[in-house]
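Here the sequence shown is numbered in the UniProt record's numbering, starting from 1 and rising by one per residue. The C-beta atom is built at its ideal place from N, Cα and C for all residues, glycine as well. A quick write-up on the structure given underneath.
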Amino acid sequence: MNGILNVYKEAGWTSFDVVAKLRGILKTKKIGHGGTLDPQVTGVLPVAVGKATRLLEYMEEAGKVYEGEVTIGFSTETEDAEGEVIETTPVPSTLSDEEIDEVMTRFVGEIQQVPPMYSAVKVKGKRLYEYARAGQMVERPIRKVTIKSFTRTSPVTFEKGCARFTFRVACSRRFFT
């Protein structure tokens, strides 16, 4: 079998888990994925089988598109919505859609990004989330990434001192949302 499968990855599965499961189902060893999705992330994971694995490097160079939700007004230990809240800063309900849009445009282009500790990036052979779960801090690599577009896809809403909206970002590989 040769081809590309778009697999919906559930939270809790690693990208490697998905590939391992498909190896068993498809009875083939020549299989790979088009970029790691962190374990807590849900979304489409492109998986190449057979001769199509040669296309993976070109697919990754084309970039990715993510959709998600931003909540402004608190910080967590894991830098995502899953972690324990460590700081809150109430957001004034006067914050406008236009102000959000203006700030979002500042991120478009090439930027320097440090991956979060709770990510699948490998440092010295271990995933950063393994260090984080063990309570160890390690130096994380600064990466150049490109944001091609970053747009708000819903009005800003306010609840309990937080502002919330959805977004779409087109970006290079190795980008973290």
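Ser149 sits in a strand when the DSSP states are folded into three classes. In the DSSP assignment, Ala132 falls within the alpha helix (DSSP H) that extends over 128-133.
Across the structure, Tyr8 and Arg164 are spaced so that their CA atoms are roughly 25 Å apart. With fewer than 16 other CB atoms across the displayed protein chains lying within 10 angstroms of its CB, Val65 is exposed.
Where Leu56 is concerned, the enclosing alpha helix (DSSP H) starts and stops at 56-61.
Counting of Cβ neighbours within 10 angstroms places Pro155 among the exposed residues, the total staying below 16. In this structure, the beta-carbon distance from Val41 to Met1 does not fall below 9 Å.
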